[in-house]
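Notes follow once the structure below has been shown.
Chains as they are written, first to last, in the working numbering: chain D, 1 to 97; chain W, 1001 to 1125.
Laid out in structure tokens, this is it:
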């Protein structure tokens, strides 16, 4: 079980694709920094086929960019403490950047 | 586009990166304001992930940064009023020009060549 963090905006398509390909059942995905833009509805289809992956997005990064109210399914919004908790729950953290 | 009033070089600054995650957006703004101080004619083009810079309601205090949107809002005070956004990039991210926080002119990707030709210096961030 791994936590995957992705910090690149959707324009970096290879980073997002590689990350999504690497996700295994029971892994968790957390979008941080510019990665949070992928939670906009226009990009929702990219996450539609994920199977047994819990998807999260970091609240302070959404708030900084003014898109907190635009987050689409399947993302759960968590704060910094939630980030730490997730990292502790999983065996390892894999960073996509 | 503002008319050619002097022999000063016309500068086009292209913003291709999202704000905050890297320093590109802030660097572009610094250069823009510097050009403004020297009364050089400056235009800004927002394309690709750069269109995210134009969204409003930024609050970057919790990530320890300054609000970039507020800085964009003061550009008219420096007589920088030629802001362009790439329509194709907006569409890619599901955004409409009318939900942007700044007054920008919409251009098609195919118009960008002409925009570059109309300027003496093109800087990409």
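For each residue, glycine too, the CB sits at the ideal point set by N, CA and C.
Quick caveat: nothing in here was measured; it's all calculated off a predicted structure.
Closest residue to residue i among the options (Cα-Cα distance)
i: residue 1038 of chain W; options: W/1058, W/1099 and W/1011; result: W/1011
i: residue 1090 of chain W; options: W/1016, W/1008 and W/1007; result: W/1016
i: residue 38 of chain D; options: D/22, D/73 and D/89; result: D/73
i: residue 1022 of chain W; options: D/92, D/91 and D/61; result: D/61
i: residue 51 of chain D; options: D/3, D/89, D/24 and D/92; result: D/24
8 angstroms Cβ cutoff met for residue i and residue j
i: residue 1069 of chain W; j: residue 1056 of chain W; result: yes
i: residue 1083 of chain W; j: residue 1115 of chain W; result: no
i: residue 64 of chain D; j: residue 1065 of chain W; result: yes
i: residue 81 of chain D; j: residue 53 of chain D; result: no
i: residue 1014 of chain W; j: residue 1032 of chain W; result: no
i: residue 1119 of chain W; j: residue 1072 of chain W; result: no
i: residue 90 of chain D; j: residue 2 of chain D; result: yes
Within-8 angstroms CB hit, residue i to chain W
i: residue 82 of chain D; result: no
i: residue 64 of chain D; result: yes
i: residue 74 of chain D; result: no
i: residue 7 of chain D; result: yes
Sequence-distant residues of the same chain with beta carbon closer than 7 angstroms to residue i, five excluded per side
i: residue 1035 of chain W; result: 1011 and 1042
Same chain, Cβ closer than 6 angstroms to residue i, five either side skipped, listed in chain order
i: residue 56 of chain D; result: 30, 76 and 78
i: residue 1024 of chain W; result: 1017 and 1125
i: residue 1078 of chain W; result: 1036
Proximal chain A residues relative to residue i, where beta-carbon distance stays under 8 angstroms
i: residue 1093 of chain W; result: In summary, chain A is missing from the structure at hand, where the protein chains are D and W.
Chain-order list of residues whose beta-carbon lies under 8 angstroms from that of residue i (same chain, five-residue window excluded)
i: residue 18 of chain D; result: 96
Closer than 8 angstroms to chain D by CB, residue i
i: residue 1020 of chain W; result: yes
i: residue 1102 of chain W; result: no
Subject >> In chain order, each alpha helix (DSSP H) run of at least 4 residues that lies wholly inside the stretch 1018-1106 of chain W >> reply: Listed in chain order, they are 1024-1037, 1068-1073 and 1087-1092.
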